[in-house]
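Per numbering that gives the first Met the number 0, residue 0 is the first one in the sequence shown, and the count goes up by one each step.
All C-beta atoms, glycine included, are put in the ideal place defined by N, C-alpha and C.
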Amino acid sequence: MNYNFDSERPIYLQIIEIIKNDITSGKYNLGDKIPSVRELAMTFKVNPNTIVKSLYFLELEGLIYTDRTNGKFITKDLELIKKYKENYLKQKVNSFLKDLKSMGYNKEEVIEILIKECN
């Protein structure tokens with residue numbers, strides 16, 4: 000896969016988002032082993048140090064963990080994944096609503112449009 004990174008944001012943060020989305024979308028299952036640093040660096044076409052930094056922050060968040068001799072794995076904590084998904088959705092919805100409000104839409108108009116689009 001070819002990734003087009005946004006030059007306005009650090010690549011390691013964008014890689015974190017991609018891996019988080021892979022986890023929450025089900026590409027990775029709970030407890031799955033993730034590819035090695037070298038494999039991820041080749042996949043993303045970035046320096047391995049960038050991958051190390053991304054994985055470090057994912058581990059701090061608890062989304063991955065290290066098994067000393069076997070590599071890095073996706074958390075087995077389903078509640079943590081659910082919490083991340085919920086927070087992600089809230090961020091997207093808030094951003095969406097903020098954009099609509101700046102365009103002059105009110106709450107009732109947004110609800111009406113969402114109801115129509117969901118049916």
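**Report entry** Under 9 Å between C-beta atoms of Leu57 and Ile18
**Finding:** Here the question's residue 57 lines up with position 58 in the sequence shown. Here the question's residue 18 lines up with position 19 in the sequence shown. Yes, the pair counts as a contact, with Cβ atoms nearer than the cut-off.
**Report entry** For Gly70: DSSP bridge partner residues
**Finding:** In the sequence shown, counting from the first residue as 1, residue 70 sits at position 71. Note: Gly70 sits in a beta bridge opposite Asp66.
Report task. With a threshold of 16 other CB atoms inside 10 Å of the CB of Leu62, please say whether the residue is buried or exposed. Result -> As a first step, residue 62 must be located in the sequence shown, where it is residue number 63. Classification of Leu62: buried, given that the 10 Å Cβ count is 16 or more.
Query raised in the report: To which residues does DSSP link Lys106 through a beta bridge?
Result: The residue given as residue 106 occupies position 107 in the sequence shown. DSSP lists no partner for Lys106.
Requested in this report: Pick out whichever of Tyr83, Tyr55, Glu16, Asp21 has its Cα sitting closest to the Cα of Val36.
Outcome: Taking the first residue of the sequence shown as position 1, residue 36 is located at position 37. That would be Tyr55, whose Cα lies nearest to the Cα of Val36.
Query raised in the report: Could you give the C-beta distance for Ile80 and Thr42, rounded to a whole number, given that I count them as a contact under 8 Å?
Result: For the purposes of this step, residue 80 is taken as residue 81 along the sequence shown, with counting starting at 1. For the purposes of this step, residue 42 is taken as residue 43 along the sequence shown, with counting starting at 1. Wrong, their Cβ atoms sit about 22 Å apart, outside the cutoff.
Query raised in the report: What are the residues that DSSP puts in a beta bridge with Lys19?
Result: Residue numbering aside, residue 19 sits at position 20 when the sequence shown is read from its first letter. DSSP lists no partner for Lys19.
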